[in-house]
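Heads up, the final residue of the sequence shown is numbered 123 in numbering that gives the first Met the number 0, and it's a clean run with no missing numbers.
Report on the structure given below.
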Amino acid sequence: MKIAITSSGPELTSQVDPRFGRCAYFIFVDTDSDKFEAIENSGAQGMGGVGIQAGQMMIDKGIKAVLTGNCGPNAFQTLKAAGVEVITGVSGTVQEVVDKFKAGGFQSVSGPNVSPHSGIEKKE
0 MKIAITSSGP
10 ELTSQVDPRF
20 GRCAYFIFVD
30 TDSDKFEAIE
40 NSGAQGMGGV
50 GIQAGQMMID
60 KGIKAVLTGN
70 CGPNAFQTLK
80 AAGVEVITGV
90 SGTVQEVVDK
100 FKAGGFQSVS
110 GPNVSPHSGI
120 EKKE
């Protein structure tokens, strides 16, 4: 099964990034072979629609589950419409999350856990 974890860096030892659409990296893991690929999130600094764009990338990559700290309503709707499982409240290293996922330690959620645009850093 192909899963995606939001990450602060490109390694399995990197910490999970709590943001979905604005995370620094996506790490794609094949849970059958343990092979992984890290991709820098080019949409992280976008003005809007980054959750939907990130969700579409997951669909295009054939991802079956997304593990992240938080997922807003637009991204959640995009993922759910394509049958992608969404798991929020995830923290720790990417490797810890993969191991816990493979052991059945997570449950998918039935809705978003943050409001739209919650990952945007406010400028003073």
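Backbone N, C-alpha and C define an ideal beta-carbon position, used for all residues, glycine too.
Just so you know, these numbers come straight off a predicted model, no measurement behind them.
DSSP three-state assignment for residue i, whether helix, strand or coil
i: Ala43; result: coil
i: Thr12; result: coil
i: Ala37; result: strand
i: Ala80; result: helix
Contact check, residue i vs residue j, beta carbons under 8 angstroms
i: Gly42; j: Gly20; result: yes
i: Gly104; j: Thr87; result: no
i: Leu78; j: Gly54; result: yes
i: Phe27; j: Phe35; result: yes
Beta strand (DSSP E) segment containing residue i, residue limits
i: Phe25; result: Tyr24 to Asp29
i: Lys1; result: Lys1 to Ser6
i: Val65; result: Ala64 to Leu66
Close-in-space but distant-in-sequence residues of the same chain around residue i (CB under 8 angstroms, 5 per side omitted)
i: Met0; result: Asp29, Thr30, Asp31, Lys63 and Ala64
i: Thr92; result: Leu11, Thr12, Ser13, Gln14 and Val15
i: Val113; result: Asn69, Cys70 and Gly71
CB contact check: residue i to chain B, cutoff 8 angstroms
i: Gln76; result: The structure shown has no chain B; it contains just one protein chain.
Close Cβ partners of residue i (< 7 angstroms) along its chain, the five nearest in sequence each way excluded
i: Pro111; result: Cys70, Gly71, Pro72 and Phe75
i: Val96; result: Ile4, Val15, Leu66 and Val89
i: Lys101; result: Thr30
Own chain partners of residue i with C-beta closer than 6 angstroms, once the 5 adjacent residues on each side are dropped
i: Cys22; result: Thr5, Asp16 and Asn40
Residue i, enclosing alpha helix (DSSP H) - first and last residue
i: Val93; result: Val93 to Lys101
i: Ile58; result: Val49 to Asp59
Can at least three beta-carbon pairs, one atom from the stretch 48-63 and one from the stretch 81-101, be found at a separation below 8 angstroms? Because the criterion of three Cβ pairs below 8 angstroms is met, the stretch 48-63 and the stretch 81-101 touch.
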